[in-house]
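>
2 protein chains.
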Amino acid sequence: MRRSSGHCHPDAVDLADAALQDRYFPDLPCFGCGPANADGLQLKSHLGDDGLVVAQFTPRSAHDNGLGYLNGGIISTVLDCHSAAAVTHEAFERGWTPLPGAALPYVTAGLDVRYLRPAPLDATVALLARISDASEAEITAEVWLEWDGKERARATALWKRWRPRGPGRPD
Amino acid sequence: MRRSSGHCHPDAVDLADAALQDRYFPDLPCFGCGPANADGLQLKSHLGDDGLVVAQFTPRSAHDNGLGYLNGGIISTVLDCHSAAAVTHEAFERGWTPLPGAALPYVTAGLDVRYLRPAPLDATVALLARISDASEAEITAEVWLEWDGKERARATALWKRWRPRGPGRPD
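Note that the protein sequences, when read in sequence, are chains A and B. Numbered according to our numbering, the first sequence spans residues 25 to 195. Numbered according to our numbering, the second sequence spans residues 25 to 195.
Okay, here's the thing in structure tokens:
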């Protein structure tokens with residue numbers, strides 16, 4: 025089920041489609057988005073309309089910011105990992121697949137987060153991302169968290185082509 | 025035990041001193057640094073030399089970035105929370121204590137993180153922070169993560185005075 029409206033939200037996406045994480049890195053043990061991390065957050069991101077990538081995230085009660093809202097570090101984690109799904113999909117679409125010895129085509133080089141409003145701890149929030157700039161050397165994604173019709177946090181995520189220097193090592 | 029060298033590391037600090045988290049917000053359930061969050065990371069930060077605030081952080085195996093290193097979201101979490109200790113201490117020192125209805129004097133408004141090198145998943149890393157700018161309206165901290173003598177990630181954390189709009193609510 026997809027709507028053609030200009031504003032795409034996770035509830036407008038067919039969540040039965042394979043998540044981007046399961047398509048591109050099913051064996052990854054990443055804390056935020058690795059399908060193979062049993063103790064991780066296991067974020068699942070999907071293609072939405074209008075070039076957006078969308079996800080839903082339901083916090084655990086431990087993800088408190090200390091004030092009864094969603095923790096900023098956890099927000100940063102899911103923004104980073106949601107941008108990973110968007111960037112990895114963009115990379116594969118353009119043929120910039122992982123280089124020999126690399127598990128992923130790109131790695132995060134920077135994440136500039138603004139916390140705009142409190143996000144709830146006891147509700148499912150929406151994550152949205154779009155690619156804003158892409159070259160083979162680096163890809164930039166805009167990624168944000170919404171709840172109840174309002175943006176709660178926004179980040180610019182800068183990803184750089186991962187060129188392994190040694191076997192399986194990013195540095 | 026404190027050294028007078030210009031380069032302060034957590035191993036030069038008397039870790040028997042009460043951590044800043046235990047001094048300023050012992051009942052906080054924050055995921056990253058709340059002493060009252062049994063499932064959280066329970067970061068403990070201390071005053072070091074030369075105006076630095078220092079901590080040690082030992083990752084859990086689940087904190088994988090998917091490539092065998094420390095996850096960027098967890099790095100952001102501990103950088104944010106370590107800056108919280110530095111900012112809260114600065115605020116109390118200057119008399120900018122929490123306003124009525126606020127559990128903390130300041131809340132994070134932004135975190136701009138650069139991931140410079142991989143950080144290990146199986147070792148204790150060092151966190152360091154210093155206040156770079158302070159007014160009652162907002163405080164900025166530089167905060168970074170080191171391991172094996174090299175900086176692995178660095179962030180600028182912007183904190184704004186928390187002025188509750190309603191009972192116990194930051195917004």
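Here a beta-carbon is modelled for each residue, glycine too, at the ideal position from N, C-alpha and C.
Can you check whether the CB of V137/B is closer than 9 Å to the CB of V167/A?
Reading the first sequence from its first residue, position 143 is the one you call residue 167/A. Reading the second sequence from its first residue, position 113 is the one you call residue 137/B. Contact flag unset, no.
> Given that a residue counts as buried once 16 or more other Cβ atoms are within 10 Å of its Cβ, and exposed if not, what is E114/B?
Indexing the second sequence from 1 puts residue 114/B at position 90. Looking at its Cβ environment, which holds 16 or more other Cβ atoms inside 10 Å, E114/B is buried.
> Going by Cα to Cα distance, which pick from W183/A, A62/A, A43/A is closest to L208/A?
Nothing can be reported for residue 208/A, as the shown portion of chain A is limited to 25 through 195.
> Exposed or buried, which one is K174/A when buried takes at least 16 other CB atoms within 10 Å?
As a working mapping, residue 174/A is identified with position 150 in the first sequence. Label assigned to K174/A: exposed.
> Mind pulling the chain B residues with CB within less than 8 Å of T15/A?
No statement about residue 15/A is possible, as the shown extent of chain A runs from 25 to 195 and does not include it.
> How is L103/B classed by DSSP in three states: helix, strand or coil?
Within the second sequence, numbered from 1, the residue matching residue 103/B stands at position 79. Reduced to three states, the DSSP call for L103/B is helix.
> Should H106/A and I98/A be called a contact, given that it needs their Cβ atoms to be closer than 9 Å?
Translated into the one-based positions of the first sequence, residue 106/A becomes position 82. Translated into the one-based positions of the first sequence, residue 98/A becomes position 74. It is not a contact, given that the beta carbons lie outside the stated cut-off.
> Using three-state DSSP, classify S85/B as helix, strand or coil.
Numbered from its first residue, the second sequence carries residue 85/B at position 61. Helix.
> With distances taken Cα to Cα, identify the nearest neighbour of D41/B among C54/B, F55/B, V78/B, A62/B.
Working through the second sequence from its first residue, we reach residue 41/B at position 17. Comparing Cα-Cα distances from D41/B to each of C54/B, F55/B, V78/B, A62/B, the minimum goes to V78/B.
> List, in chain order, every chain A residue whose beta-carbon is nearer than 8 Å to that of A127/B.
The residue you call residue 127/B lines up with position 103 of the second sequence. Within 8 Å Cβ-Cβ: G90, L91.
> For L76/A and P53/B, what's the separation of their Cα atoms in angstroms?
Position 52 of the first sequence, counted from the start, is the residue given in the question as residue 76/A. Position 29 of the second sequence, counted from the start, is the residue given in the question as residue 53/B. About 34 Å.
> Using the beta-carbon of each residue, which ones in chain B are nearer than 7 Å to P53/A?
Looking up residue 53/A in the first sequence gives position 29. Result: D88, G90.
> Of all Cβ atoms in chain B, is any one closer than 9 Å to the Cβ of P194/A?
The residue labelled residue 194/A in the question sits at position 170 within the first sequence. Because P194/A sits at a pLDDT of 49, beneath the cut-off of 50, its placement in the model cannot be relied upon, and the following sentence gives the value as read from the coordinates. Answer yes: the Cβ-Cβ gap between P194/A and chain B drops below 9 Å somewhere.
> According to DSSP, simplified to helix, strand and coil, what is E114/B?
Mapped onto the second sequence, residue 114/B falls at position 90. Correct three-state label for E114/B: helix.
> Is the beta carbon of T101/A closer than 9 Å to that of L65/A?
By one-based count along the first sequence, residue 65/A stands at place 41. By one-based count along the first sequence, residue 101/A stands at place 77. It is a contact, given that the beta carbons lie within the stated cut-off.
> Where do the N-terminal and C-terminal ends of the beta strand (DSSP E) with L44/A fall, by residue?
The residue labelled residue 44/A in the question sits at position 20 within the first sequence. Not the beta strand (DSSP E): L44/A falls in the alpha helix (DSSP H), residues 44 to 48.
> Based on the DSSP secondary-structure assignment, which residues constitute the bridge partners of K184/B?
By 1-based counting over the second sequence, the position of residue 184/B is 160. Answer by DSSP bridge pairing, in chain order: V131/B, E162/B.
> In this structure, how does DSSP classify A108/B when only helix, strand and coil are distinguished?
Position 84 of the second sequence, counted from the first residue, corresponds to residue 108/B. Of the three classes helix, strand and coil, the one that applies to A108/B here is helix, per DSSP.
> Is T82/A buried or exposed, if buried means 16 or more other CB atoms sit within 10 Å of its CB?
As a first step, residue 82/A is located in the first sequence; it is residue number 58 there, counting from the start. Exposed.
> Quick one: measure Cβ to Cβ for R176/A and A143/A, integer angstroms, because I've assumed they're closer than 8 Å.
Indexing the first sequence from 1 puts residue 176/A at position 152. Indexing the first sequence from 1 puts residue 143/A at position 119. Contact flag correct, Cβ pair sits at about 4 Å.
> Nearest to R141/B by alpha carbon, out of L140/A, A133/A, A147/A?
Walking along the second sequence from the start, residue 141/B turns up at place 117. Cα-wise, what sits closest to R141/B is A133/A.
> So with CB distances below 8 Å, who are the chain A contacts of G58/B?
Numbered from its first residue, the second sequence carries residue 58/B at position 34. What G58/B touches in chain A: D88, G90.
> Using CA coordinates, which residue listed in D104/B, R187/B, T148/B is at the minimum distance from F12/B?
With chain B covering only 25 through 195, there is no way to say anything about residue 12/B.
> With a threshold of 6 Å on Cβ separation, who are the neighbours of D157/A within its own chain once the five nearest residues in sequence on each side are excluded?
Residue 157/A sits at position 133 when you count from the first residue of the first sequence. When the five nearest sequence neighbours on each side are left out, the beta carbons in the same chain lying within less than 6 Å of the beta carbon of D157/A are those of T164, in order along the chain.
> With 16 as the cutoff for other CB atoms within 10 Å, does P194/B come out buried or exposed?
As a first step, residue 194/B must be located in the second sequence, where it is residue number 170. For P194/B, the predicted structure reports a pLDDT of 49, less than 50, and the residue's modelled location is therefore unreliable. A value from the coordinates is still provided. So P194/B ends up on the buried side.
> Does the beta-carbon distance from G96/B to L152/B come in below 9 Å?
Translated into positions along the second sequence, residue 96/B becomes position 72. Translated into positions along the second sequence, residue 152/B becomes position 128. If you check the CB distance, G96/B and L152/B do not come in under 9 Å.
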